[in-house]
Amino acid sequence: MRLVQFEASDGLRLNGILEDTGSDTTIIHVHGKSGNFYENKFVKVMLEAYPSGGFNFLSFNNRGHSSYVEAYQKGDIAYIGAAVERFEDCLLDLQAAEQFARTFSSRVVMQGHSFGCEKIMYYSQHINPTLDLVLLSPCDGYHLQNIYIEPETVEEQIVRLRRDYKLEGLEWLPPKEYGIRVSGKEYHVPITVNALLDLLTGPAFELLSLDKTWSGPPIASRSFVYLGGRDGLQIAGVEPMVKELNARFKDVKVAVFPNGDHHLAPIQREVIESISSWLRR
């Protein structure tokens, strides 16, 4: 495997790791909110298991990695990260990754984990509906945010943020505004007010919300979805998510693994083998 770099169309340099086996198929991994290309333990397993199954594997940092970090754009220093990202810019990152993968493989598969699922769904809708998609632990971010800020609602939070902040520069929000509070887990996710408003009012929360009726046509990409029965972020249970996923995709295989958690543990290899078998078909 080797470290790789490629540029988005706006000049932002993106970094990742590639295991190139010479296969004609490359799986591109898109990490979740505040993640990166290596932190999740299952990435290491995939770097071994996917190539053994006959696939190239590329895991890269999109501009929503970490919280607030130094990067390079058109030769100059820039600052990016989950705390300041605009969701729609994911199209630039994923298109750059696809174009890079096309230089050594004819078939590209997009794989997203957690918040990465919304990004690959959005990419299929707006850039390339012909790619196969793999969704790992898709979650209802809208519902999770409602739980985090209750008794206030997301809609009330939007009004308050627009009223109380200038909406300019790096206005950091206090811990009470954004994070996770479910199943014994509670943590704050650092974010600026503009980035949170972009998330709350933009397309990201529409894609997997169980509370919002799907209004668009089904996503055309042939898709595989992993849901873990022990995933604490599946706050409504897996069955409602299965129903919604079947409504949102034209051709989808939803695989429920009762013993799996949000990070595929402790059955990573079992999940990867299921994905590999599906891809070979």
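Here our numbering is used: the first residue of the sequence shown is 126, the next is one more, and so on. Note that the Cβ used here is the ideal one computed from N, Cα and C, for glycine as well. On a predicted model such as this, the values are computed, not experimentally measured, just so you know.
Between Arg373 and Trp403, the C-beta gap is not smaller than 8 Å, which leaves the two residues out of contact.
When the Cα atoms are used, Lys310 and Val168 turn out to be separated by approximately 23 Å. By the neighbour-count criterion, in which 16 or more other beta carbons inside 10 Å mark a residue as buried, Ala222 falls on the buried side.
Following the DSSP letters along the chain, one finds His268 inside the alpha helix (DSSP H) bounded by residues Gly266 to Ile274. Taking 8 Å as the upper bound for CB-CB distance, Tyr303 and Tyr267 are not in contact here, some 12 Å apart.
One thing to note: Met235 has its Cβ no nearer than 8 Å to the Cβ of Leu172.
Annotation for Tyr193: no alpha helix (DSSP H) segment contains it, and DSSP assigns it neither H nor E.
With contact defined as three or more Cβ pairs closer than 8 Å, the segment 152-165 and the segment 362-379 are not in contact. In the same chain as Glu293, and ignoring 5 residues on each side of it, no C-beta atom comes closer than 6 Å to its own. When only Cα atoms are considered, Thr228 and Gly179 end up about 18 Å apart. Contact annotation: the segment 202-218 does not touch the segment 380-388, with fewer than three C-beta pairs closer than 8 Å.
Each residue's CA atom was taken as its position, placing Ser159 and Gly189 some 6 Å apart. Listed in chain order, the non-local C-beta contacts of Pro300 below 6 Å within the same chain comprise His313, local neighbours out to five positions each way being set aside.
With contacts defined as CB atoms closer than 8 Å, Tyr247 and Leu332 qualify as a contacting pair. The C-beta separation of Ile202 from Glu195 comes to about 6 Å, placing the pair in contact by the 8 Å criterion. Here DSSP, grouped into helix, strand and coil, assigns Ala372 to helix. Going by DSSP, Ser184 is part of the beta strand (DSSP E) stretching over Asn181 to Phe185.
Cβ-Cβ separation between Leu322 and Leu286: approximately 6 Å, consistent with a contact (criterion under 8 Å).
Per DSSP, reduced to three states, the secondary structure at Trp403 is helical. Around the C-beta of Val233, 16 or more other C-beta atoms lie within 10 Å, and the residue is accordingly described as buried. Close CB contacts of Cys242 within its chain, under the 6 Å cut and outside five residues either way in sequence, are with Leu260 and Pro263 (chain order). The DSSP assignment places 310-313 and 344-353 as complete runs of the beta strand (DSSP E) inside the segment 306-363, in order along the chain (cut-off: 3 residues).
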